[in-house]
Every structure is written in structure tokens, then in C-alpha cells.
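In this text, residue positions in the sequence shown follow my numbering: the first is 14, and each later residue adds one.
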Amino acid sequence: MASELFGASVSFVEADQIAAAITPETGLVVVETPANPTLQLLDLADIVSQAGDVPVMVDNTFATPVLQQPLEFGVTYVVHSATKYIGGHGDAMGGVVVTTEKHAVELRQVRAITGALLDPQSAYLLHRGLPTLSIRVLTAQNTASELANWFLTQSKISDVYYPGLPGGDAKGLIGKQMQGPGAMIAINMKDGFEAAQTLCKNLSMITHAVSLGSTDTLIQHPAGLTHRPVASEAKPGQGILRISVGLESAEDLIADFETALNRVN
Numbered sequence: 014m015a016s017e018l019f020g021a022s023v024s025f026v027e028a029d030q031i032a033a034a035i036t037p038e039t040g041l042v043v044v045e046t047p048a049n050p051t052l053q054l055l056d057l058a059d060i061v062s063q064a065g066d067v068p069v070m071v072d073n074t075f076a077t078p079v080l081q082q083p084l085e086f087g088v089t090y091v092v093h094s095a096t097k098y099i100g101g102h103g104d105a106m107g108g109v110v111v112t113t114e115k116h117a118v119e120l121r122q123v124r125a126i127t128g129a130l131l132d133p134q135s136a137y138l139l140h141r142g143l144p145t146l147s148i149r150v151l152t153a154q155n156t157a158s159e160l161a162n163w164f165l166t167q168s169k170i171s172d173v174y175y176p177g178l179p180g181g182d183a184k185g186l187i188g189k190q191m192q193g194p195g196a197m198i199a200i201n202m203k204d205g206f207e208a209a210q211t212l213c214k215n216l217s218m219i220t221h222a223v224s225l226g227s228t229d230t231l232i233q234h235p236a237g238l239t240h241r242p243v244a245s246e247a248k249p250g251q252g253i254l255r256i257s258v259g260l261e262s263a264e265d266l267i268a269d270f271e272t273a274l275n276r277v278n
């Protein structure tokens, strides 16, 4: 799509292969950490070092500014889907680009030419979410930690992906780059696609939806929704479910998951 619309080519590489992939024509390195949906953490200082003179852009939506501030590690651009945690209530759409004043001047010119302006109502709703952003993120993070540890005890779940679990932060980035593991979890159902679908259908309090970062806990089955058109080698596992933990109590969430898991054959 980038090639067709803008005449730009895009290549995909593993995080440790960025330096080898850069050519004289490379204009931007784009990464996401924590990654979606596996929650893998990337070392931003290392990525910036590999990129050299090429600017790096980080999607910081999962971490939010509360837990991670990529500019401190040499990143040039930070983007957020403000629709998620920044708004926090699932009722506004918008995006944020954070950068230095030098680069912001160039972006403002593009914004003016393209008319990519946020509407007043969305701006109001996103501004409304800012005072509670830290409270919401940290509260959801505490609940996510409890829920992730409970998932480890469930026999129908083969893998739990959460940076706060043992082995979930292989590079030791929590406390150095990221100030906490966040409120996103991914689980892998042992019996794959059908088991994941069955679990989602039998949840009563938790909503099956593609968004995240709301006050309500949401679950998404990437293989059945957002990642269906993705190339097979890039698809997540068929049984992976992504969970955005909200502000409900851990006890209520566990009870809902327990009921749904009991209906998975």
C-alpha cells in the first residue's frame, strides 16, 4: 500500500537485523513495543543505535506515556493511537505524534496541507481522559498482573504472554526503559482456533472487540479478526487471544474467564 500510494517500499525484519537491513534509501525505522499481540519488549536504545542516522518511530500505544517515554532513548517520533488509553473510554478517535520542535515544524506543514485536523468533540473527549490516564493505566496494570498469574494455572491455556511474568522481560527493560509491564495480556489456547472462538463466545462480562485501553476489559482473537489478511508467515498463532484489561476487579474477570474456560472442550 505504501508503494502504491507514496512510491515508498517497506521491508520487514527482526529487531536484531535492523542494521543489516538499512540501505542508503532507508528513510525511517518503525517499531512497536510492547509488540502486538505477543507483548515482546524491544530495546529502544539498541534500535536507535542500529538505525544510525535514520530516524526511528515508535508506536507507544500499549505502553502509554505513563510507562514509557521513547524520546528519552533517542527515538525521533513517538505515535499513539489516542483512541485507546489516552481517551480511555472508547468514545473518541484520534492520533498523536510526539517529536522535537525541529521535526514538528515539518509535520505541521504536512498536516496543514492534508487537512488532518482533529475535530473539536474528539479533542474535548481526549483532553477529558488525560487527568485520569495514570490512574487508569496503573490500576489496570495491577489487575493484569493478577490475571496473568491466574492464567498460568489453567490447563487449557498453553502460553501466557505478559512482560510482568518470569521470562516475559528477557532483556530486563522493565524499570529501565518501561516503568511497568502494562495492562495488555495475550494467551494461547492449547487447542487452537476453535478453542479461542469458543472462549470468546462464552464470556459474559468481557467484550469481544478489536480496540483496547478502555475502562472495560476487551478480548480479541487476531487470527479470526484483524490478522486474517496477514501473510501466513507473519500471522500470530491460531489460538492466541489478546486481552486489554480494564478497571473491573480481578475477581470478576477471573470468574468470567473461569466460566468460559469450562465450556471449552
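From the three backbone atoms N, C-alpha and C, an ideal C-beta is built for every residue, glycine too.
- A residue is called buried when at least 16 other Cβ atoms come within 10 angstroms of its Cβ; residue 194 meets this threshold and is buried.
- Assignment of alpha helix (DSSP H) within the region 150–225, counting only whole runs of 4 or more residues, yields 205–214 in chain order.
- The beta carbon of residue 200 sits closer than 8 Å to the beta carbons of 164, 170, 172, 173, 174, 253, 254, 256 from its chain, once the five residues preceding and following it are set aside; these are given in chain order.
- Around the CB of residue 184, fewer than 16 other CB atoms lie within 10 Å, so the residue is classed as exposed.
- Nearest in C-alpha terms to residue 215, of all of 186, 196, 274, 236, is 274.
- With a minimum length of 4 residues, the unbroken runs of alpha helix (DSSP H) contained wholly in the region 97–143 fall at 114–127, 133–142.
- In chain order, 41, 42, 43, 44, 88, 89, 90, 91, 92 place their CB closer than 8 Å to the CB of residue 70, counting only its own chain and leaving out the 5 sequence neighbours on each side.
- In this structure, the alpha-carbon of residue 111 lies about 8 Å from that of residue 117.
- The beta carbon of residue 46 sits closer than 6 Å to those of 54, 55, all from its chain and outside the five residues before and after it, given in chain order.
- By the Cβ neighbour-count rule, residue 278 is exposed, with fewer than 16 other Cβ atoms within 10 Å of its own.
- With contact defined as three or more Cβ pairs closer than 8 Å, the region 255–271 and the region 218–237 are in contact.
- For residue 231, the enclosing beta strand (DSSP E) covers residues 231–233.
- DSSP, reduced to helix, strand and coil, places residue 45 within a strand of the structure shown.
- Cβ contact annotation for residue 28 (same chain, cutoff 6 Å, sequence separation greater than five): 55, in chain order.
- In the DSSP annotation of this structure, residue 257 is not part of any alpha helix (DSSP H); the continuous beta strand (DSSP E) holding it starts and ends at 253–257.
- Here residue 71 carries a strand assignment [DSSP, helix/strand/coil].
- Taking the Cα positions, residue 32 is about 6 Å away from residue 64.
- 219 is the residue among 219, 113, 144 whose C-alpha sits nearest the C-alpha of residue 268.
- When the Cα atoms are used, residue 155 and residue 168 turn out to be separated by approximately 23 Å.
- Taking the C-beta atoms as reference points, residue 206 is found nearer than 8 Å to residue 236.
- Rounded to whole angstroms, the gap between the alpha carbons of residue 166 and residue 80 is 27 Å.
- Ranked by Cα distance from residue 101, the first of 233, 196, 276, 209 is 196.
- Per DSSP, the continuous beta strand (DSSP E) segment holding residue 92 begins and ends at 90–94.
- Burial state of residue 72 is buried, judged by a 10 Å Cβ sphere holding 16 or more other Cβ atoms.
- Sequence-distant Cβ neighbours of residue 120 in its own chain, meaning closer than 8 Å and more than five residues away, are 110, 112.
- Check the Cα spacing between residue 130 and each of 106, 158, 198: the tightest is with 106.
- Using a Cβ distance threshold of 8 Å, residue 76 and residue 139 do not count as a contacting pair.
- Under the three-state reduction of DSSP output, residue 272 falls in the helix class.
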